[in-house]
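The opening residue of the sequence shown carries number 0 in numbering that gives the first Met the number 0; numbering runs sequentially from there. Think of the CB as a built atom: it goes at the ideal place given N, C-alpha and C, for glycine as much as any other residue. Being a predicted model, the structure only gives us computed values, none of them experimental. Beneath this line is the structure, given in structure tokens, with notes to follow.
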Amino acid sequence: MAQSHNAESHPYFPSGDWEGFYLYRSGPGAERHPMRCQLDFADGKVTGGGSDDVGAFRWQGVYSTVEMSCRMVKQYATHVIFYDGRADESGVYGTWSQGAYFSGGFHLWPKQGGNEEEAVAEKVDAKQLAGAC
């Protein structure tokens, strides 16, 4: 019997094209590393794939519309990165880590037309990302 696939209806977790960035450090001078991906939210699970300056990756994780949380594993061909985020009207933001060696902040949001993505990105400032780290 096939598993049910109930697409998420909560506006903070829309399936489709997403974009954003990750940072190796926080603060006003932190360099943004852009990423683009496709995410599918259904039945408390998130899957997808995309690319960034490191290379192609796959997403797999869980989300909660009660806790407004999203925890994902970003799987590259050679390594994995763990993402722990919170969701609100500006997207999903929080921290990423690779073991005890590397960590930083991130922000992802549903892709929109025009220059709106830059306006959305500015809603989450370095202070908010630093508070999440």
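Query                                                                                             : Result
Tell me the residue span of the beta strand (DSSP E) that contains ASP16.                         : 15-21
Rounded to whole angstroms, what's the CA-CA distance from VAL45 to HIS9? Just pull it up for me. : 13 Å
Which residues bound the beta strand (DSSP E) around PRO44?                                       : Checking the sequence, you will find Lys at residue 44 rather than Pro. Run containing LYS44: 44-51, per the beta strand (DSSP E) assignment.
In three-state DSSP terms, what is THR77?                                                         : coil
Can you tell me the Cα-Cα spacing of ARG24 and GLY103, whole angstroms?                           : 5 Å
Buried or exposed for THR77, going by 16 or more other Cβ atoms inside 10 Å?                      : exposed
Applying the 10 Å Cβ sphere with the 16-neighbour rule, what's the burial state of VAL91?         : buried
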